[in-house]
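**Q** Heads up: take any position in the sequence shown, counting from 1, add 9, and you land on my numbering.
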Amino acid sequence: MRKPIVAGNWKMHKTVAEAEELVNVLSGDLEKITSVESVFCVPFTCLSKVSSLLKESHIGVGVQNIHWADYGAFTGEISPLMVKEFANYAIIGHSERRTFFGETDITVNKRLSTALKHGIVPIMCVGETLEENQKGNTVEVITHQMEIGLREIEKSLAGNIVIAYEPIWAIGTGLACDPTTANNIILQAIRKPLEKIFGLELSQSIRVQYGGSVNGGNAYDYFSQSEIDGALVGGASLKSDFIDIVKAAAK
Ligand code: 13P
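Following this line, the structure appears as structure tokens:
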């Protein structure tokens, strides 16, 4: 039985004061829902504050990227050692990083491998563009992202990986992917490569989220699908809607 995991990707939102306000609005209700792993993936500047606010809580704290080296001359990057002081989760390879910051499947693989070695749960994002979708290339594109992103990952650590299927055309558009379609894509383009790489048993223990215009109204339709174990939530994670999404995962 896979424990549902719902993560809020705050993206580039919230000053420290605003983050504190949001955590105070959300954490009381989320605290009561222990059957779901809820996580706030916050900007680096909010890490210290948010992790201290949630110190006694089961709500997890995460970041939105990490570098693959422990230290070094990598201006503007942040190392897993720095992150580990505050957080246990890291989003890796989000489509916005791939599109705007040159992230590739190879750098995703390096970041993911480092996260696992440091005991940080990587939430690895995969997904197709609208054009790839319309050309019927979705399964092929995601399978490739999976194969390169998970290359040479130690099997003994792989159970900690979380995969997020985020169709790029569904992110921030209100055009959520049909839940049954998302489930089928996950089966073919995510579970199949996972099985090929890690074997059947391990592949079935790995959690897969859906992300892209998830809100309190549609979340349950995703969570009732066989292959969807949670959500990676953008816009709706910045408001009380996030509580409804976590409640839907607990149902
Ligand atoms: P939205 O929920 O705003 O569509 O964003 C999804 C996302 O990119 C989460 O990582």
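For every residue, glycine included, the Cβ atom is placed at its ideal position computed from N, Cα and C.
1. Determine which residues share a DSSP beta bridge with valine 171 and list them.
2. Drop a sphere of 10 angstroms on the beta-carbon of glycine 183, count the other beta-carbons inside from all chains shown, and report buried for 16 or more, exposed for fewer.
3. Measure the beta-carbon distance from glycine 221 to proline 176 and round it to whole angstroms, keeping in mind my assumption that it falls under 8 Å.
4. Please report the straight-line C-alpha distance between histidine 67 and threonine 113, rounded to a whole angstrom.
5. By alpha-carbon positions, which one of Glu149, Asn97, Glu94, Ala78 ends up nearest to lysine 119?
6. Bridge partners for valine 15 per DSSP, in chain order?
7. Check valine 223 in the structure and name its three-state DSSP category.
8. Determine the burial state of phenylalanine 109: buried for a count of at least 16 other Cβ atoms within 10 Å of its Cβ, exposed for fewer.
9. I need the straight-line Cα distance from serine 233 to glutamine 218, nearest angstrom please.
10. Tyrosine 98 bridges to which residues according to DSSP?
11. How is the alpha helix (DSSP H) around aspartate 250 delimited, first residue to last?
12. Is histidine 1 close to ligand 1? I mean its beta-carbon at under 8 Å from any heavy atom of the ligand.
13. Can glutamate 17 and valine 48 be called in contact, C-beta distance under 9 Å?
14. Can we count serine 44 as close to ligand 1, meaning its CB is less than 8 Å from some heavy atom?
**A** Here's the rundown:
1. Translated into the one-based positions of the sequence shown, residue 171 becomes position 162. Per DSSP, the beta bridge partners of valine 171 are Ile132, Arg216.
2. Translated into the one-based positions of the sequence shown, residue 183 becomes position 174. It is exposed - the Cβ of glycine 183 has fewer than 16 other Cβ atoms within 10 Å.
3. Looking up residue 221 in the sequence shown gives position 212. Looking up residue 176 in the sequence shown gives position 167. Their Cβ separation, rounded to whole angstroms, is 5 Å, which keeps glycine 221 and proline 176 in contact under 8 Å.
4. Numbered from its first residue, the sequence shown carries residue 67 at position 58. Numbered from its first residue, the sequence shown carries residue 113 at position 104. So the alpha carbons of these two residues sit roughly 33 Å apart.
5. Stepping through the sequence shown from its first residue, residue 119 is reached at position 110. Taking only the C-alpha atoms, the option nearest lysine 119 is Ala78.
6. Walking along the sequence shown from the start, residue 15 turns up at place 6. Looking at the DSSP assignment, valine 15 forms a beta bridge with Ser47, Ala240.
7. Taking the first residue of the sequence shown as 1, we reach residue 223 at position 214. Valine 223 falls in the coil class under three-state DSSP.
8. On the sequence shown, position 100 is the one that residue 109 refers to. The residue in question, phenylalanine 109, is exposed, as its Cβ has fewer than 16 Cβ neighbours within 10 Å.
9. Walking along the sequence shown from the start, residue 233 turns up at place 224. Walking along the sequence shown from the start, residue 218 turns up at place 209. If you take the alpha carbons of serine 233 and glutamine 218, they lie about 12 Å apart.
10. For the purposes of this step, residue 98 is identified with residue 89 of the sequence shown, where counting begins at 1. Beta-bridge annotation (DSSP): tyrosine 98 is paired with Gly71, Val130.
11. The count along the sequence shown starts at 1 and reaches residue 250 at position 241. Its alpha helix (DSSP H) spans residues 250 to 259.
12. Here the chain covers residues 10 to 260 and nothing more, so residue 1 does not appear.
13. For this step, residue 17 is matched to residue 8 along the sequence shown. For this step, residue 48 is matched to residue 39 along the sequence shown. For the sequence presented, residue 17 should be read as glycine rather than glutamate. Yes. Within cutoff.
14. Taking the first residue of the sequence shown as position 1, residue 44 is located at position 35. Not so, every heavy atom of ligand 1 lies at least 8 Å from the Cβ.
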